[in-house]
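Just so you know, the protein sequences line up as chains A and B, in that order.
Numbering of the first sequence is given in this note's numbering, commencing with residue 1 and proceeding in unit increments.
Numbering of the second sequence is given in this note's numbering, commencing with residue 465 and proceeding in unit increments.
Note that beta-carbon positions come from the ideal geometry of N, C-alpha and C, so glycine has one too.
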Amino acid sequence: MNWLDRSRSIAPPGFNRWLIPPAALAVHLCIGQAYATSVYKSALIGHFGLSQTAIGIIFSIAIVMLGLSAAIMGTWVERSGPRKSMFVAASFWGAGFLVGAAGIFTSQLWLVYLGYGFIGGIGLGIGYISPVSTLMKWFPDRPGMATGMAIMGFGGGALIASPMSTALLKFFDGFDPAVDGADWIASGSSVGKLFLALGVLYFAVMMYGVLNIRVPAPGWMPRGWDPSKAKVSAMVTTAHVSAANAIRTRSFWLVWAVLFLNVTAGIGILEQASPMIQDFFRGADGNSAVNAAVAAGFVGMLSIGNMAGRFIWSSASDVIGRQRIYMVYLGAGALFYVVLAFFGGSSMLLFVAMAVVIISFYGGSFATAPAYLKDLFGTFQVGAIHGRLLTAWSAAGIAGPLIVNGLLDAQGKPGTMNAHNYLPVLLTMVGLLVIGFVASTLIRPVDAKYHEPEEELASARKGS
Amino acid sequence: MPAQPHDAVNPAGGTDVPVIPATGRLVFGWLLVGIPLAYGVVTTLSRVGQLFG
């Protein structure tokens, strides 16, 4: 397996760096399927005869494993290079589906937890971080755009997986619209077959990424780009900080808090998107002007905002700076939440526009984070530092739904409420974003005592 | 692919070796990720129309 080594994936002279983003996207588009699990959730509930919570745990395990594996394996990913780590990610992600399929066919839920949740979750974490630092090394002139392109794929993966899975489930079930009707729910065996198909398909597509990823040769720079003439900012370091030292700095934990708060606030909308829009446009007679099909369109619109924000805002951060763009995410995000809370129910266009922009900030905060880490800590172990930062995502994935569900439970049942019932939860989100805004203003360049000595860096470069 | 000699670094930035266009590989790679992404976006947008319809 020597061909997987970092030393065997160094790009030859004249290599076209625009071949790298499709390789990275091939991985992120596949693992982005994690956001499309709702497609077969009802089918699994019916197949196993269990509650929403029992089935929802599959996804929760996967997201927790994403954060843990990214944090624990980040240093290994950095050392091994993108090709080996992407191969491991493809193997775990594909195997997770196959083990999950075995669990569905044999009606053993623990095997689905183990397969999709535990094994697949490890593939998610390693796959998420594996191409990111490589992209920033290929695009030192536009690191935000480069990471935005890859991480956009994670948002886009659900857009592909959702309709594709529905089409495959219908095919496996021999769906007949005249017989099955609008209330059709896929059978368990067709979900098992879907898992088998996705496991093989995703492994194959991710292998395109494995075979085509390259790292730039040491000292490589884009033609015509002179780092000494690049815009100088006090927030962009030329030094390097190890992952072990990075987590000892105040700046790392401030970035962690900023990501945690922004993601928690974004989940506030994502979690309740469908019932929320129906509740906001509920008339005095108790009937909503928005039916389930229209609400599904709103959820789709949020997915597109989430995906587009990752590329657009992260690219914009190359021009206006990472600290400023996070102030926009948090400051403007808080303002838009206020508008949504007090005026969202007055106009469908205003409601959708505010929600989509807020979710685009949510996506943007994910995509801009690696470039922010590169600015603060250099490229030496930025992938490993990014892995540790993603624990903020796991924490927000637990905190966000807990806050939102807790506050809404006190108001009534989502899908039967009115716009004013959402004031407590939306204003809580405003509070979180304001705290995040303050935290983002406190981020400072890392003290020189944390910088790696030049001889350490030289020896690390020789080793790789 | 075996390891090959590294680019010579130009002191003024960039490398002295011109970039190989690799048009075929570029088109294939971008289509491989672009077509499914376009399929997902178009399918989703077709549902969004009902929001303002």
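Point to revise | Residues in the region 334–353 of chain A having any Cβ partner in chain B nearer than 8 angstroms | key: Met-348, Leu-349 and Val-352
Review point. With burial defined as no fewer than 16 other Cβ atoms inside 10 Å of the residue's Cβ, what is the status of Leu-423 of chain A: buried or exposed?
Key: Position 423 of the first sequence holds residue 423 of chain A. Classification for Leu-423 of chain A: exposed.
Check your understanding: By DSSP, does Ser-80 of chain A sit in helix, in strand, or in coil?
Key -> In the first sequence, residue 80 of chain A corresponds to position 80, counting from 1. Ser-80 of chain A falls in the helix class under three-state DSSP.
Check your understanding: Whose Cβ in chain A lies nearer than 7 angstroms to the Cβ of Val-550 of chain B?
Key -> Outside the shown range of chain B (465 to 517) lies residue 550 of chain B, about which nothing can therefore be said.
**Study point:** Three-way DSSP call (helix, strand, coil) for Ile-443 of chain A in this model
**Key:** Your numbering for residue 443 of chain A matches position 443 in the first sequence. Coil.
Check your understanding: CA-CA distance, Gly-493 of chain B and Gly-157 of chain A?
Key -> For the purposes of this step, residue 493 of chain B is taken as residue 29 along the second sequence, with counting starting at 1. For the purposes of this step, residue 157 of chain A is taken as residue 157 along the first sequence, with counting starting at 1. Cα-Cα distance, rounded: 16 angstroms.
Review point. Of all Cβ atoms in chain B, is any one closer than 9 angstroms to the Cβ of Ile-160 of chain A?
Key: Working through the first sequence from its first residue, we reach residue 160 of chain A at position 160. Yes, its Cβ sits closer than 9 angstroms to a Cβ of chain B.
Review point. Given that a residue counts as buried once 16 or more other Cβ atoms are within 10 Å of its Cβ, and exposed if not, what is Leu-402 of chain A?
Key: Working through the first sequence from its first residue, we reach residue 402 of chain A at position 402. The residue is exposed, with fewer than 16 neighbouring Cβ atoms inside 10 Å.
Check your understanding: Just the Cα atoms here: how many angstroms apart are His-470 of chain B and Ala-95 of chain A?
Key -> Position 6 of the second sequence holds residue 470 of chain B. Position 95 of the first sequence holds residue 95 of chain A. Here the model assigns His-470 of chain B a pLDDT of 42, short of 50, so the residue's position is not dependable, and the following value carries that caveat. Distance between the alpha carbons of His-470 of chain B and Ala-95 of chain A is about 36 angstroms.
**Study point:** Under 9 angstroms between C-beta atoms of Leu-478 of chain A and Ala-34 of chain A
**Key:** Because chain A in this structure spans residues 1 to 464, residue 478 of chain A falls outside the shown range and cannot be described.
Review point. Which bits of chain B does Asn-212 of chain A rub up against, with CB to CB less than 7 angstroms?
Key: Start at 1 with the first residue of the first sequence, and residue 212 of chain A comes out as number 212. Result: Gly-493.
Practice item. Report buried or exposed for Leu-29 of chain A, applying the criterion of at least 16 other Cβ atoms within 10 angstroms of its Cβ. Key: For the purposes of this step, residue 29 of chain A is taken as the residue at position 29 of the first sequence. Buried, since its Cβ has 16 or more Cβ neighbours within 10 Å.
Check your understanding: Is Arg-223 of chain A helix, strand or coil by DSSP?
Key -> Stepping through the first sequence from its first residue, residue 223 of chain A is reached at position 223. Of the three classes helix, strand and coil, the one that applies to Arg-223 of chain A here is coil, per DSSP.
**Study point:** Cα-Cα separation between Ala-472 of chain B and Trp-225 of chain A, rounded to whole angstroms
**Key:** Numbered from 1 along the second sequence, position 8 holds the residue referred to as residue 472 of chain B. Numbered from 1 along the first sequence, position 225 holds the residue referred to as residue 225 of chain A. Per-residue confidence for Ala-472 of chain B stands at a pLDDT of 41, beneath the threshold of 50, marking its modelled position as unreliable; no derived number is given.
Exercise for review: Find the nearest neighbour of Gly-472 of chain A within the set A:Ala-355, A:Val-430 and A:Asp-180, judged by alpha-carbon distance.
Suggested key: Residue numbering for chain A in the displayed model covers 1 to 464; residue 472 of chain A lies beyond these limits and cannot be assessed.
Practice item. Flag this pair as yes or no: are the beta carbons of Ser-315 of chain A and Gly-121 of chain A separated by less than 9 angstroms? Key: To locate residue 315 of chain A, count along the first sequence from 1; it is residue 315. To locate residue 121 of chain A, count along the first sequence from 1; it is residue 121. No, Cβ-Cβ distance for Ser-315 of chain A and Gly-121 of chain A is not below 9 angstroms.
Point to revise | Exposed unless 16 or more other CB atoms sit within 10 angstroms - verdict on Pro-177 of chain A | key: Looking up residue 177 of chain A in the first sequence gives position 177. Exposed.
Review point. Just the Cα atoms here: how many angstroms apart are Ala-161 of chain A and Asn-405 of chain A?
Key: Here residue 161 of chain A is taken as the residue at index 161 of the first sequence, counted from 1. Here residue 405 of chain A is taken as the residue at index 405 of the first sequence, counted from 1. If you take the alpha carbons of Ala-161 of chain A and Asn-405 of chain A, they lie about 27 angstroms apart.
Review point. Would you report the Cα separation of Ala-265 of chain A and Ile-61 of chain A, rounded to the nearest angstrom?
Key: Position 265 of the first sequence, counting from 1, holds the residue named residue 265 of chain A. Position 61 of the first sequence, counting from 1, holds the residue named residue 61 of chain A. Cα to Cα, the separation comes out at about 21 angstroms.
Point to revise | Option in A:Ala-289, A:Ala-332, A:Leu-335 and A:Val-438 with minimal Cα separation from Thr-416 of chain A | key: Residue numbering aside, residue 416 of chain A sits at position 416 when the first sequence is read from its first letter. The residue with the shortest Cα to Cα distance from Thr-416 of chain A is A:Ala-289.
**Study point:** Cβ distance (whole Å) where Asn-16 of chain A is taken to contact Ile-484 of chain B below 8 angstroms
**Key:** What you label residue 16 of chain A is simply residue 16 of the first sequence in a count that begins at 1. What you label residue 484 of chain B is simply residue 20 of the second sequence in a count that begins at 1. The pair is a contact, with the Cβ atoms about 6 angstroms apart (cut-off 8 angstroms).
Practice item. Out of A:Met-429, A:Ala-23, A:Ile-151 and A:Trp-3, point me to the one whose CA is closest to Ser-80 of chain A's CA. Key: Position 80 of the first sequence, counting from 1, holds the residue named residue 80 of chain A. Ranking the options by Cα distance to Ser-80 of chain A, first place goes to A:Trp-3.
Review point. Where DSSP assigns a beta bridge to Ser-233 of chain A, which residues make up the other side?
Key: The residue given as residue 233 of chain A occupies position 233 in the first sequence. Ser-233 of chain A is not bridged to any residue.
Review point. Is the Cβ-Cβ distance between Leu-407 of chain A and Leu-389 of chain A less than 9 angstroms?
Key: By 1-based counting over the first sequence, the position of residue 407 of chain A is 407. By 1-based counting over the first sequence, the position of residue 389 of chain A is 389. Their beta carbons are not under 9 angstroms apart, which means Leu-407 of chain A does not touch Leu-389 of chain A by this criterion.
Practice item. My understanding is that Arg-516 of chain A touches Gly-364 of chain A, with C-beta atoms under 8 angstroms, so please give their C-beta distance in whole angstroms. Key: For chain A, the structure presents residues 1 to 464; residue 516 of chain A sits outside this window and is missing.
Point to revise | Residues of the region 279–304 of chain A whose Cβ lies closer than 7 angstroms to any Cβ of chain B, in chain order | key: Ala-293, Val-294, Ala-296, Gly-297, Phe-298, Gly-300, Met-301, Ser-303 and Ile-304
Check your understanding: Looking at chain A, which residues of the region 502–514 of chain B have a Cβ within less than 8 angstroms of any of its Cβ atoms?
Key -> Tyr-503, Gly-504, Val-505, Thr-507, Thr-508, Leu-509, Arg-511, Val-512, Gly-513 and Gln-514
Review point. With distances taken from CA atoms, which of A:Ile-31, A:Gly-181, A:Gly-148 and A:Tyr-128 is nearest Ile-385 of chain A?
Key: Looking up residue 385 of chain A in the first sequence gives position 385. The residue with the shortest Cα to Cα distance from Ile-385 of chain A is A:Tyr-128.
Check your understanding: Going by other Cβ atoms of all chains shown within 10 Å of its Cβ, with 16 needed for buried, is Trp-220 of chain A buried or exposed?
Key -> Counted from its first residue, the first sequence places residue 220 of chain A at position 220. Classification for Trp-220 of chain A: buried.
Check your understanding: Does Gly-265 of chain A have its Cβ less than 9 angstroms from a Cβ in chain B?
Key -> In the first sequence, the residue the question calls residue 265 of chain A occupies position 265. One detail in the question is off: residue 265 of chain A reads as Ala in this sequence, not Gly. No - not a single Cβ of chain B is within 9 angstroms of the one on Ala-265 of chain A.
Point to revise | Integer Cβ distance of Ser-85 of chain A from Ile-126 of chain A, believed to fall under 8 angstroms | key: Against the first sequence, residue 85 of chain A aligns to sequence position 85. Against the first sequence, residue 126 of chain A aligns to sequence position 126. 5 angstroms between Cβ atoms; contact.
Point to revise | CB-CB length for Leu-302 of chain A against Leu-270 of chain A, believed under 8 angstroms | key: For the purposes of this step, residue 302 of chain A is taken as residue 302 along the first sequence, with counting starting at 1. For the purposes of this step, residue 270 of chain A is taken as residue 270 along the first sequence, with counting starting at 1. That belief holds up - the Cβ atoms of Leu-302 of chain A and Leu-270 of chain A are roughly 7 angstroms apart, short of 8 angstroms.
Practice item. Look at Val-77 of chain A and Ser-130 of chain A and say whether their C-beta atoms are less than 9 angstroms apart. Key: Against the first sequence, residue 77 of chain A aligns to sequence position 77. Against the first sequence, residue 130 of chain A aligns to sequence position 130. Yes. Within cutoff.
Check your understanding: Does DSSP classify Arg-142 of chain A as helix, strand or coil?
Key -> Taking the first sequence and counting its residues from 1, the one referred to as residue 142 of chain A is at position 142. Three-state DSSP puts Arg-142 of chain A in coil, outside helix and strand.
Review point. What residues match up with His-451 of chain A in a beta bridge as DSSP calls it?
Key: Looking up residue 451 of chain A in the first sequence gives position 451. In DSSP, His-451 of chain A forms a bridge with A:Val-241.
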